[in-house]
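Before any comments, here is the structure.
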Amino acid sequence: MLQIDLGHVVKHVSLLGSTGTIGVNTLDVISRHPDSFQLFAVTAHSNVERLAEQCGRFNPRYAVLCDEQKIEACQQVFRRRNISTELLFGSEGLQRIASDPRVDIVMAAIVGAAGLKPTLAAARAGKRVLLANKEALVMSGKLLMDAVREHDAELLPIDSEHNAIFQSLPVNFSQGLLQAGVKRIILTASGGPFRNMKQPDLESVTPAQAVKHPNWVMGKKISVDSATMMNKGLEMIEACWLFDATPDQVEILIHPESIVHSMVRYRDGSVIAQLSNPDMRIPIAYGLGYPARMDTGVADLDLAAIGKLNFAALNDDQFPCVNLAYQAMATGGTATAILNGANEVAVDSFLKEALPFRSIPAVIEFALREIAAVPVRELDDVLRADQAARAAAADWIKTHTRASIPLGVST
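First residue of the sequence shown? That's 23 in our numbering, and the numbers climb one at a time after it.
Structure follows, in structure tokens:
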């Protein structure tokens, strides 16, 4: 099997969120290059069985379980399977394995705000951080980017869109996009499962329909974000932080096939894009091996078989969550943390069938209107805004349970 040349130095990897989609794909890539990577630690929220299976297969030094109510059950499973991996628990365990001096690479793939602290810990420990957690930048972009610079860490984006942008940018983009000749970043979006539906038709959308993405296999939360297009709003915020862009330098374009993962428009009229089959092993492998490229197991892209690629402008009225994200980024400070916290509560309520699909943006708009954004000076500023947003979202949902109030209606 083809191995990348890392100077015969084995890189030790802590995988935050190993039981999710990104985690499973990361393990697949690592398994293809055993001479280049060694798994140091894996983590799970509550999936004890899968965590144990991964430890039995890869034999990492540590495993972290975040759901402390399952500690005893986890210990029993590990004993029964005679697994020697040392168990750690909770947020402290996550931060420990993210900052351990023996670790070279940290894959930050924990979904939601729970991934914030360990991702910051990895950056402050000077690691190569492979960022698949949107919330770390959405909630606390300034803190994370400051930590990367101050501690000489390396931050590489793993989301397919940002990874594509990174591959399409010139090497000197950190000096400034305009100075590097970049005119605009173009984020492509599949449009999710409801891209051809009108707003009134979304009233009866069910969680089962929303999580059925046409192109990607993803977790439930991110699948709903794709259906509302909030994922593109969050990705716009990420792109601003990652590439030092302003919101008006980031454009969103509907591309149903998910073959062109994103593009960069240059001032000379050129557009450079990254294309591949929709498989997360490609950006994961790029991040693990950068700047080398390595085998992923993904089939070659056959453009002749695909035949044609389609693109369309984003319909702002159809996807109000995108506008809310642009508004939050323009406001600055903790506004993006408020946006994210309210969205997490709204999506969770929708998945539990306690909130109609069309009411998700109304919940977010309410939180942004009710909670004043403040500058981000420390992590507590972000966490307070997150908690306030969650409380406001819960209040809205409690008051308007099963109601369908269009975005913009006063509450």
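Think of the CB as a built atom: it goes at the ideal place given N, C-alpha and C, for glycine as much as any other residue.
Through-space distance from residue j to residue i, alpha-carbon basis
i: alanine 136; j: alanine 326; result: 43 Å
i: histidine 55; j: isoleucine 386; result: 43 Å
i: glutamine 25; j: arginine 287; result: Only weak support is given to the placement of glutamine 25: the predicted model assigns it a pLDDT of 36, under 50, and the value that follows is read from those uncertain coordinates. Rounded to whole angstroms, glutamine 25 to arginine 287 spans 34 Å at the Cα level.
i: aspartate 168; j: isoleucine 328; result: 43 Å
i: lysine 149; j: leucine 116; result: 14 Å
i: glycine 203; j: arginine 289; result: 6 Å
i: arginine 101; j: glycine 241; result: 29 Å
i: isoleucine 132; j: methionine 251; result: 20 Å
i: valine 226; j: glycine 163; result: Before going further, note that residue 226 is serine rather than valine in the sequence given. Spanning the two alpha carbons is a distance of roughly 36 Å.
i: lysine 205; j: leucine 199; result: 7 Å
i: threonine 423; j: alanine 376; result: 7 Å
i: methionine 23; j: histidine 184; result: In this prediction, methionine 23 has a pLDDT of 30, which is less than 50 and means its spatial position is unreliable; what the coordinates show is noted afterwards. Their Cα atoms are separated by approximately 28 Å.
i: alanine 321; j: asparagine 299; result: 7 Å
i: proline 179; j: isoleucine 207; result: 15 Å
i: glutamine 91; j: glutamine 409; result: 22 Å
i: alanine 267; j: leucine 191; result: 12 Å
Beta-bridge partners of residue i, as assigned by DSSP
i: tyrosine 288; result: Val204
i: histidine 34; result: Gln60
i: phenylalanine 111; result: Leu87
i: valine 272; result: Ile207
i: leucine 153; result: Ala130, Pro179
i: threonine 358; result: Paired residue(s): none; threonine 358 is not in a bridge.
i: valine 282; result: Leu297
i: threonine 65; result: Val86
i: alanine 335; result: Leu275
Alpha helix (DSSP H) segment containing residue i, residue limits
i: histidine 184; result: 182-190
i: glutamine 231; result: 229-232
i: leucine 310; result: 303-311
i: arginine 103; result: Careful: arginine 103 lies outside any alpha helix (DSSP H) and carries neither H nor E.
i: valine 46; result: 43-54
i: glutamine 409; result: 401-421
i: methionine 351; result: 342-353
i: arginine 194; result: For the record, residue 194 in the displayed sequence is asparagine; it is not arginine. Premise fails: asparagine 194 is in no alpha helix (DSSP H) and is neither H nor E.
First and last residue of the uninterrupted beta strand (DSSP E) at residue i
i: isoleucine 386; result: Premise fails: isoleucine 386 lies in the alpha helix (DSSP H), 382-392, not in any beta strand (DSSP E).
i: glutamine 296; result: 293-297
The ligand FMN heavy atom lying under 6 Å from the CB of residue i
i: glycine 198; result: The ligand FMN is absent from the structure shown, which contains no ligand whatsoever.
What are the start and end residues of each continuous beta strand (DSSP E) run of 3 or more residues lying completely inside the region 76-100, in chain order? 84-87
Counting pairs of beta carbons, one from the region 213-231 and one from the region 306-324, are three or more of them closer than 8 Å? no
Three CB pairs or more closer than 8 Å across the region 30-47 and the region 58-74: yes
For the pair the region 346-363 and the region 72-83, tell me if three or more CB-CB distances fall below 8 Å. no
Is the region 352-368 in contact with the region 382-397, if contact means three or more CB pairs nearer than 8 Å? yes
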